[in-house]
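Notes to accompany the following structure.
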Amino acid sequence: MTPRLPGAPQPPTATLHAHIPAPGFADPVHDAQRTFRALLAALARPTTAVPLPVEVPAPGALTGGAAALLLTVADESTPLWLDPTLAGDHDLTEWIAFHTGARTVDDRALAAFAVVATPSALPPLDSFAPGSDEAPHTSTTVVIATEHPGTDALLDVDATSGMDTPGSAGYGAGPAFTAYGPGFPEPTPWRAPDLPADFPVQWAANGAAFPRGVDLVFAADDTLVGLPRTTRLTEVD
């Protein structure tokens, strides 16, 4: 070790000990591709749980599934809205900036993607961007982090072929619905997560605005459940 001369500048200890965000994907390209396939499967088969083929250490109040979706869909061109719980977590916002470069926005109506920490804290659906009749794809996709994504079936998605087979069951903690519409061979029971009390009314209005409207993705640590705007829900007493 070379002795430091008196008066010599000190080493940049702050830089040496700078906080490094938690890791993201182990294999960014392939893991993002596999997660995107799972997202497409979840939206094509609404209310059906699709297992995530990757593992991501969940930062802050995010679940692993919500973190994987952010790593897949967010980049420097993505306006992203975070609910107050997530936006107030400095380590989480640093993780998002480090891994995705996405810019956060304060106005939900400007967001391409929004992330909500818990289903019961879901803001009014009409406060997000609905898109337009000419460009419905410009609406907000809302990712909801939850350990109980609300589903009645488990769908296995092969990471290479994209083929799927039905699997076992799991349920949410909220109201029961019958779900139907595109992607359903027949009306399907679905017990939702613990959503706001007026969610059925909000969802009906969201569907009535088609082709405008928002899409929801419930993201647990290891599964995704999609609820696109085309899905119709009838509440079961």
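Residue numbers for the sequence shown, in this note's numbering: -8 to 228.
Each residue gets a CB set at the ideal place from its N, CA and C atoms; glycine is no exception.
query: For glycine 153, which residues in the same chain have their Cβ closer than 7 Å to its Cβ, ignoring the five residues on either side in sequence?; result: Since pLDDT at glycine 153 reaches only 44, below the 50 mark, its modelled position is unreliable, and the value read off the structure follows with that caveat. Arg28, listed in sequence order.
query: Excluding the 5 residues flanking arginine 250 on each side, which residues of the same chain have their C-beta closer than 8 Å to its C-beta?; result: Outside the shown range of the chain (-8 to 228) lies residue 250, about which nothing can therefore be said.
query: Are alanine 230 and phenylalanine 190 closer than 9 Å when you measure CB to CB?; result: Summary: the structure shown does not reach residue 230, with the chain confined to residues -8 through 228, and so no result is reported for it.
query: Count the other C-beta atoms from every protein chain shown that fall within 10 angstroms of the C-beta of isoleucine 11, then say buried if there are 16 or more, exposed otherwise.; result: exposed
query: Output the distance between the C-alpha atoms of glycine 198 and glycine 122, rounded to the nearest integer angstrom.; result: 13 Å
query: At what residues does the alpha helix (DSSP H) containing valine 20 begin and finish?; result: 19 to 35
query: Using a Cβ-Cβ cut-off of 7 Å (strictly less than) and excluding sequence neighbours within five positions of threonine 214, which residues of its own chain qualify?; result: Ala40, Val41, Pro42, Leu43, Gly56 and Pro140
query: Verify whether the separation of the beta carbon atoms of threonine 179 and alanine 167 is less than 9 Å.; result: no
query: Report yes if the C-beta distance between alanine 58 and leucine 77 is below 9 Å; otherwise report no.; result: no
query: DSSP on aspartate 117, reduced to helix/strand/coil?; result: helix
query: So for alanine 210, helix, strand or coil by DSSP?; result: strand
query: Quick check: proline 110 and aspartate 185, are their CB atoms within less than 9 Å of each other?; result: yes
query: Could you give the C-beta distance for phenylalanine 89 and valine 45, rounded to a whole number, given that I count them as a contact under 8 Å?; result: The pair is not a contact, with the Cβ atoms about 18 Å apart (cut-off 8 Å).
query: Suppose the cutoff is 8 Å on Cβ atoms and the five residues either side in sequence are ignored; what does the same chain contact list for threonine 69 look like?; result: Thr91, Ala93, Arg94, Ala103 and Phe104
query: DSSP three-state call for glutamate 85: helix, strand or coil?; result: helix
query: Tell whether a beta-carbon distance below 9 Å holds between proline 37 and valine 216.; result: yes
query: Return the bridge partner residues of threonine 54 from the DSSP annotation.; result: Per DSSP, none; premise fails for threonine 54.
query: Taking only three categories from DSSP, how would you classify leucine 101?; result: helix
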